[in-house]
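Engineer: Sequential numbering from 489 applies to the sequence shown in the working numbering.
Here it is: the structure, laid out below.
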Amino acid sequence: MKGKLFGPPSSDRSGCGSTRRPDADRELRITGVDRLARGARVLEVGTGEGRLAFGYGASAKSVLAIDVDADAIGRARERAARQGWSHVR
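The structure is reproduced here in structure tokens:
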């Protein structure tokens, strides 16, 4: 597979405090989750800022993303609003 393994640094420090994560689209393809999410209702536990939830959101019927970090959830909600995605909560 071509391309970068890691995306840009993230402000989301959930997940052991790391700011470097694999590119979300690539991670979804490698794991096959992008295919499983098509037309499905998705629950993501430990979503952080929703890095993967927004990947599911492109094809899922709905996404409910939860996390204990209220600030991260706030940023995810803002992003969903900017994108006009009411099916991602």
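Note that beta-carbon positions come from the ideal geometry of N, C-alpha and C, so glycine has one too.
Note that the structure is a prediction, hence the values are computed from the model and not measured.
Look at residue 537 and residue 563 and say whether their C-beta atoms are less than 8 Å apart.
Structural biologist: Yes, they are a contact pair.
Engineer: Please report how far the alpha carbon of residue 511 lies from the alpha carbon of residue 520, in whole angstroms.
Structural biologist: 14 Å
Engineer: According to DSSP, is residue 489 part of a helix, a strand, or is it coil?
Structural biologist: Note that residue 489 has pLDDT 44, beneath the 50 cutoff, so the model's placement of it is unreliable and the number below is only indicative. Three-state DSSP puts residue 489 in coil, outside helix and strand.
Engineer: Apply the 10 Å Cβ neighbour rule to residue 531 and answer buried if 16 or more other Cβ atoms are within range, or exposed otherwise.
Structural biologist: exposed
Engineer: If you count every other CB in all the chains shown that lies within 10 Å of the CB of residue 522, and 16 or more means buried, which is it?
Structural biologist: Around the beta carbon of residue 522, a 10 Å sphere encloses 16 or more other beta carbons of the protein chains shown; the residue is thus reported as buried.
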